[in-house]
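Q: Dropping a structure here in structure tokens format, bear with me for questions.
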Amino acid sequence: MGRRPTLRTAAVLATATLTLAACGGGDDGGSGGGGSDSDAASATSLSDFGDLDALVAAAEAEGTLNVIALPPDWANYGEMISTFEEKYDIQVESALPDGSSQDELNAVTSQRGQDRAPDVLDLGTAFARQAQAQDLLAPYQVQTWDEIPEGQKDPEGHWYNDYGGYISIGCNATVIAECPTTFADLLDPQYAGQVALNGNPTQAAAAFSGVWAASLANGGSLDDIGPGIDFFKQVKDVGNFNPVEITPATIQSGETPLALDWDYLNAGLTDTLADQGVEWQVAVPTDGLFGGYYSQAISKFAPHPAAARLWQEFLYSDEGQNIWLGGGARPVRLPAMEQAGTADAELLSALPPVEGTADFPSQEQETAAQQVVAERWNAEISG
């Protein structure tokens, strides 16, 4: 799934298989080993290097980190990359920012043994699980491993969630008199033709998650996404559904004044829109709280295995986690950082408020929900 400026499409559903936004493909390549340094490639924690200084030395000796599918304006990746480069003597080579997860896994396999192959991966949890099942990932547990909640990581460290957020309602308050704060509000006739999703839920995870959030708001559950489809059928029947896919351009033009999307993507538009005279408000619905995270992983065949592991250590450090906060995303270590007083208070206060605690679907629940959406959405909503 391609990317647009500011918004990164989160996922592609292909016959009920979630393909989360990721990295780009490349030419066929020869087979190769686990990386340029066999010791670094087999390291499963910092203790295998001795200490952080030893890891830094090994990573700087490699001098390069290959990343893929990381748009600079997505959750503050631009600052993340530039800070990493300034902190360490390592050049970050960023490939195919508009690639998909399938492109990413294709690159891991087809570029195996090549210097340009991806070192690290940014995936949705479902796709991270698939990569693990394909034996494409190298296990590694960062120093802050114990502060990543259970259920948000593979126990052996093949992947671990990093940043995420909640489905939210973005509202152009310049043209809408009263911004909605719940899914129930979206049925109000005042929002005729204004309720839009970030893509088709059979193809895009942000839209798929929007349907699941609507289900939770209408008597559904993580075991039953059906009420979410029923709800959007109601939205369509009352004339409020807008089939136009959300982009910054459609928001700025007023074509999509109500945008259901991740809160950090909606919030990330606020300053840009303000510069254009648009007041953009973001609310996490109080009646349908649905959260999602993106996972980090190291390629089993990383050409720069030490740099790949140093990148993970940086992402999960207080400094890296606060950079996610600066992008409006919620870092996975946030509860521990709040307790320790290491979360940036000013950045934290800027996040849209959330009421309640979100539960996250299991792999089985996710697969079942994808099948329901694949079977029903286009027939009942898009048709």
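The sequence shown lines up with residues -21 to -1, 1 to 362 when you count with mature numbering (1 follows the signal peptide of the UniProt record, and there is no 0). Think of the CB as a built atom: it goes at the ideal place given N, C-alpha and C, for glycine as much as any other residue.
With H, G and I counted as helix, E and B as strand and the rest as coil, what does DSSP make of Q182?
A: For the purposes of this step, residue 182 is taken as the residue at position 203 of the sequence shown. DSSP places Q182 in coil when its eight states are reduced to three.
Q: What does a CB cutoff of less than 8 Å around Q213 pick up in its chain, not counting 5 residues either side in sequence?
A: Here residue 213 is taken as the residue at index 234 of the sequence shown, counted from 1. Cβ within range, chain order: L166.
Q: Going by other Cβ atoms of all chains shown within 10 Å of its Cβ, with 16 needed for buried, is P76 buried or exposed?
A: For this step, residue 76 is matched to residue 97 along the sequence shown. Buried.
Q: Thinking C-alpha only, which one of E83, S361, G92 and Q109 is nearest V99?
A: Numbered from its first residue, the sequence shown carries residue 99 at position 120. Nearest C-alpha to V99: E83.
Q: Among A285, N357, V311 and L313, which has the Cα closest to the Cα of V35?
A: As a working mapping, residue 35 is identified with position 56 in the sequence shown. Nearest option by C-alpha distance: A285.
Q: Along the chain, where does the alpha helix (DSSP H) containing E72 start, and where does it finish?
A: In the sequence shown, residue 72 corresponds to position 93, counting from 1. Run containing E72: none in the alpha helix (DSSP H); it sits in the beta strand (DSSP E), Q70 to A74.
Q: Which ranges does the beta strand (DSSP E) cover as unbroken runs of at least 3 residues, wholly within the stretch 189 to 234, from first to last along the chain?
A: Those beta strand (DSSP E) runs which fall completely within the stretch 189 to 234 and span 3+ residues do not exist here.
Q: Could you pull the start and end residues of the alpha helix (DSSP H) that D141 belongs to?
A: On the sequence shown, position 162 is the one that residue 141 refers to. Taken as a continuous stretch (DSSP letters only), D141 belongs to no alpha helix (DSSP H), being part of the beta strand (DSSP E) at Y139 to N151.
Q: Hey, N221 and Q173 are a contact pair by Cβ (cut 8 Å); roughly how many whole angstroms apart?
A: Taking the first residue of the sequence shown as 1, we reach residue 221 at position 242. Taking the first residue of the sequence shown as 1, we reach residue 173 at position 194. Yes, they are in contact, since the Cβ atoms of N221 and Q173 sit about 6 Å apart, within 8 Å.
Q: With A175 as the anchor, note down where its beta strand (DSSP E) starts and where it stops.
A: Position 196 of the sequence shown, counted from the start, is the residue given in the question as residue 175. That run of the beta strand (DSSP E) goes V174 to L176.
Q: Report the CB separation of G305 from L326 in whole angstroms; it is logged as a contact under 8 Å.
A: Numbered from 1 along the sequence shown, position 326 holds the residue referred to as residue 305. Numbered from 1 along the sequence shown, position 347 holds the residue referred to as residue 326. Indeed, because the Cβ distance is near 5 Å, the residues count as touching under 8 Å.
Q: Do three or more CB pairs link the stretch 270 to 281 to the stretch 97 to 117 at distances below 8 Å?
A: The stretch 270 to 281 vs the stretch 97 to 117: in contact.
Q: Where in the stretch 99 to 142 do unbroken runs of the alpha helix (DSSP H), each at least 4 residues long, occur, reported from the N-terminal end onward?
A: Runs found: 104 to 112.
Q: Which whole runs of the alpha helix (DSSP H) in the stretch 19 to 67 are 4 residues long or more, in chain order?
A: Counting only runs of 4 or more, we get 31 to 41 and 56 to 66.
Q: Pull up the distance between the alpha-carbon of T88 and that of L115, whole angstroms please.
A: Working through the sequence shown from its first residue, we reach residue 88 at position 109. Working through the sequence shown from its first residue, we reach residue 115 at position 136. Going by the C-alpha atoms only, they are around 8 Å apart.
Q: Grouping DSSP H, G and I as helix and E and B as strand, with all else coil, what is G267?
A: Translated into positions along the sequence shown, residue 267 becomes position 288. It is coil, neither helix nor strand.
Q: In the DSSP assignment, find the beta strand (DSSP E) that holds Q260 and state where it starts and stops.
A: Looking up residue 260 in the sequence shown gives position 281. W259 to A262 is the extent of the beta strand (DSSP E) around Q260.
Q: Can you grab the Cα-Cα spacing for the pair T226 / G42, in whole Å?
A: Taking the sequence shown and counting its residues from 1, one reaches residue 226 at position 247. Taking the sequence shown and counting its residues from 1, one reaches residue 42 at position 63. So the alpha carbons of these two residues sit roughly 37 Å apart.
Q: Taking L252 as part of the alpha helix (DSSP H), name the residues at either end of that continuous run.
A: Indexing the sequence shown from 1 puts residue 252 at position 273. Run containing L252: T249 to D254, per the alpha helix (DSSP H) assignment.
Q: Sort P51, V121, E64 and T62 by Cα distance to A74 and report the nearest one.
A: Sequence index remark: in the sequence shown, residue 74 carries index 95 (1-based). The shortest C-alpha separation from A74 is found at P51.
Q: Verify whether the separation of the beta carbon atoms of Y142 and Y273 is less than 8 Å.
A: Your numbering for residue 142 matches position 163 in the sequence shown. Your numbering for residue 273 matches position 294 in the sequence shown. Taking 8 Å as the Cβ cut-off, Y142 and Y273 qualify as a contacting pair.
Q: Taking the continuous beta strand (DSSP E) assigned at D240, which residues delimit it?
A: By one-based count along the sequence shown, residue 240 stands at place 261. Run containing D240: L237 to W241, per the beta strand (DSSP E) assignment.
Q: Hey, out of T161, Y56, A348 and I360, whose CA is closest to G205's CA?
A: Taking the first residue of the sequence shown as position 1, residue 205 is located at position 226. If we check each option's Cα against that of G205, A348 comes out closest.
Q: Which residue from D125, L237 and P310 puts its Cα closest to that of G189?
A: Here residue 189 refers to the residue found at position 210 when the sequence shown is read from its first residue. If we check each option's Cα against that of G189, L237 comes out closest.
Q: Exposed or buried, which one is residue 419 when buried takes at least 16 other CB atoms within 10 Å?
A: Absent from the model: residue 419. The displayed extent of the chain is -21 to 362, so no value can be given.
Q: Assuming W241 and S147 are in contact, meaning their beta carbons sit under 8 Å apart, how far apart are those beta carbons, in whole angstroms?
A: On the sequence shown, residue 241 is found 262 positions in, with the first residue counted as 1. On the sequence shown, residue 147 is found 168 positions in, with the first residue counted as 1. W241 to S147, Cβ: 7 Å. Contact.
Q: Nearest by alpha-carbon distance to I155: which of F269, A287, E234 and L25 is it?
A: For the purposes of this step, residue 155 is identified with residue 176 of the sequence shown, where counting begins at 1. If we check each option's Cα against that of I155, E234 comes out closest.
Q: Since I277 sits in a beta bridge, which residues does DSSP pair it with?
A: Within the sequence shown, residue 277 is the residue found at index 298, counting from 1. I277 pairs with V99 and A117.
Q: Cβ atoms of V352 and residue 366: under 8 Å apart, would you say?
A: Residue 366 lies beyond the stretch modelled for the chain, which goes from -21 to 362, so this question has no answer here.
Q: Going by beta-carbon coordinates alone, are G270 and Y145 separated by less than 8 Å?
A: The count along the sequence shown starts at 1 and reaches residue 270 at position 291. The count along the sequence shown starts at 1 and reaches residue 145 at position 166. Contact flag set, yes.
Q: So I302 is in the alpha helix (DSSP H); what residue range does that whole segment cover?
A: The count along the sequence shown starts at 1 and reaches residue 302 at position 323. Per DSSP, I302 belongs to the alpha helix (DSSP H) from D297 to G305.
Q: Using a Cβ-Cβ cutoff of less than 6 Å, which residues in the same chain neighbour S24 once the five nearest sequence positions on both sides are dropped?
A: Translated into positions along the sequence shown, residue 24 becomes position 45. Once the five neighbours on either side are set aside, the close Cβ partners of S24 are Q120.
Q: Using a Cβ-based criterion (distance less than 7 Å to any ligand heavy atom), does K279 qualify as near the ligand FAD?
A: You won't find the ligand FAD in this model; it holds no ligand whatsoever.
Q: Could you spell out where the alpha helix (DSSP H) holding L294 opens and where it closes?
A: Within the sequence shown, residue 294 is the residue found at index 315, counting from 1. Taken as a continuous stretch (DSSP letters only), the alpha helix (DSSP H) holding L294 covers P284 to L294.
Q: By alpha-carbon positions, which one of V333, L248 and I302 ends up nearest to A322?
A: Start at 1 with the first residue of the sequence shown, and residue 322 comes out as number 343. Selected option, being the one with the closest Cα: I302.
Q: Taking the alpha-carbon of D68 as reference, which of D32, G92 and G57 has the nearest alpha-carbon?
A: Within the sequence shown, numbered from 1, the residue matching residue 68 stands at position 89. For the residues D32, G92 and G57, the minimum Cα distance to D68 belongs to D32.
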